[in-house]
Amino acid sequence: PVKVKKIGIMKKIISAPRGTTDILPEEAILWQFMENEARRQFFSYGYQEIRTPMFEETELFARSMGQTSDIVQKQMLNLAAQGVDAATDSSLSLRPEGTAAIVRSYIENNLDKRERLSKFFYIAPMFRGERPQKGRLRQFHQIGVEAIGPDSTSPYLDAEIISLSVLLLQKLGVNDFILKLNTLGTIEDKNNFSQYLRKQIGSRVSDLCPDCQNRYERNVFRVLDCKNKSCKEIVKDLELNYSYLSETSRRYYESVKAALDSLGIVYHQQPDLVRGLDYYTHTVFELSCNRLGSQDALGAGGRYNHLVQELGGPEVGAVGFALGMERIILARPPEEIPKSKIQVYVIALGERFFPRAFQLLQLLRENKIAADMNFSDAGLKSQMRQANKSGADFVMMIGEEEFINGMATVKNMSNGSQEQISLDKIQDFINERKA
Ligand code: HAM
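For reference, each letter of the sequence shown is one residue, going 2 to 436 in the working numbering.
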């Protein structure tokens, strides 16, 4: 006979989009640990959760982060307009960060009328159309806080925010990071600083990379962030001595540092730290870990006293930070987080006993005893192997004998002891172990 080989049509396998990752259950344990730890810390500092949409009007980001920022220029992930939206000229983008959206919500909900200081936290995915590499994704996650309101303009609040970010990183298991600190002063100081930088770069403009020659004109601060070698050389030679700061701004900065000193928080002053977003005034900071290579920022933040007003809201100040969760995972030692396991594994020794085993399983679960069962007709040996793998403390078995007597055999997996319990006594078993 002629053998006919069946040729299956190869179906195209669809992968996750570039720059995104799946977090599988064994990794999710670490994420849950980090999120829980962060929430605990936030509550202890008096911060409450806020959740805003994953997309906003594109204009919100353009107006807050600045037209010359890399994010607005190159990394916005815009949504294709659909139906009704296509007819209007509004354009929507996935949020590249949390700050702008939270300020939008603060204004829209008139929160300044409700409280003198709103202290928010968020743990949420953010989206930037960057070229993916280690520590740089298109969908990544931030843990962040924003403190906004009429009572936000105290240097102690800057120090509180910084101390929270430092403590949080430590609690999340990262210890070898440094805190870089700087001040930009008020808007006027920033203008002075900008003019000062132009003067300092002066005759060397033509040595800047083409991008930076443009930045020199449009937003000279961006030159300080450039990764290009020749630009870095020029930045290294700049004399940044805070002469461009007003007396009041200088005093404010001194107070922030004194408050940090009083908590024993070590910082490195870095006068060329300006951050890539336009909204900052006064304090800016960055937490970095040099083991991470080029994407070494674990988190960053600072004060933004004009953003609320800039977006049409009241004249109130604000300060905040965001940590990148994927980068924290890269920076923390790979210590095992104990995973939550089930307490009881239910085994039915034959399909006939499924209905009773299934009811037992339900009873346990309704009573918050984590329980599981394999709905297959596998033999005792194979089911016991699975029970072992599940880490269950107890196995409850129902076979012929148990079925006839209305019992379950309960095996204690830690010492191997075994007893038969009447099914109407299961409640006592449950009560002893209820969480
Ligand atoms: P940012 O410096 O743009 O600041 O981002 C904060 C952190 O998010 C970074 O330090 C990094 O850990 C992480 N991150 C940023 N982009 C990526 C990416 N493509 N892949 C992985 N991780 C990334 C902000 O977003 C400001 N909103 C922080 C802030 C809050 N300032 C005041 N309040």
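All C-beta atoms, glycine included, are put in the ideal place defined by N, C-alpha and C.
Distances between the C-beta of THR184 and the heavy atoms of the ligand HAM are all 7 Å or more.
Spatial neighbours of GLN140 in its own chain (CB-CB distance under 6 Å, excluding positions within 5 residues in sequence) are listed in chain order as THR21, PRO126 and PHE128. Exposure of PRO335 is indicated by the presence of fewer than 16 other C-beta atoms within 10 angstroms of its C-beta. Every alpha helix (DSSP H) stretch that sits fully inside the stretch 163-237 and reaches 4 residues is listed by chain position as 188-202, 211-219 and 222-225. One thing to note: LEU288 has its Cβ within 8 Å of the Cβ of ALA301.
Burial is judged here by how many other beta carbons sit within 10 angstroms of a residue's own beta carbon; ASP238 has fewer than 16 and is exposed. Bridge partners of ASP373 according to DSSP: TYR346. Each of GLY277, GLY351 and GLU255 was checked against the Cα of GLY380, and the nearest Cα belongs to GLY351. The alpha-carbon of ALA39 is positioned some 21 Å away from that of ARG96. The ligand HAM approaches TYR305 closely enough that one of its heavy atoms is under 7 Å from the residue's Cβ. For THR410, there is no enclosing alpha helix (DSSP H); the enclosing beta strand (DSSP E) covers residues 408-413. The beta carbon of ARG353 sits closer than 8 Å to those of PHE404, all from its chain and outside the five residues before and after it, given in chain order.
Residue environment: TYR157 is assigned as exposed (fewer than 16 neighbouring CB atoms within 10 Å of its CB, all protein chains considered). Between the beta-carbon of GLY277 and that of ASP226 there is about 6 Å, and that keeps the pair under the 8 Å contact cut. In terms of side-chain proximity, the C-beta atom of LEU239 is found no nearer than 7 Å to any non-hydrogen atom of the ligand HAM. Straight through space, the alpha carbons of SER70 and THR89 are spaced by roughly 26 Å. Under the Cβ criterion (8 Å, minimum of three pairs), the stretch 340-348 counts as touching the stretch 384-397. Secondary structure of PRO97 (DSSP, three-state): coil. When distances are taken from the beta-carbon of GLY351 to the heavy atoms of the ligand HAM, even the shortest one reaches 7 Å or more. Every unbroken stretch of the beta strand (DSSP E) spanning 3 or more residues and falling wholly within the stretch 10-67 is given here in chain order: 56-58.
The beta carbons of PRO133 and ARG19 sit closer together than 8 Å.
Remark: the C-beta of ALA323 is in contact range of the ligand HAM, defined as less than 7 Å to any heavy atom. For the ligand HAM, a non-hydrogen atom lies closer than 7 Å to the CB of ALA298. Ranked by how close their Cα comes to the Cα of ASP378, the residues ILE399, CYS290 and GLN310 have ILE399 in first place. With a cut-off of 7 Å, the C-beta of PHE43 is classified as distant from the ligand HAM, since no heavy atom of the ligand falls inside that distance.
Straight-line measurement puts the Cα of SER231 at about 10 Å from the Cα of ARG205.
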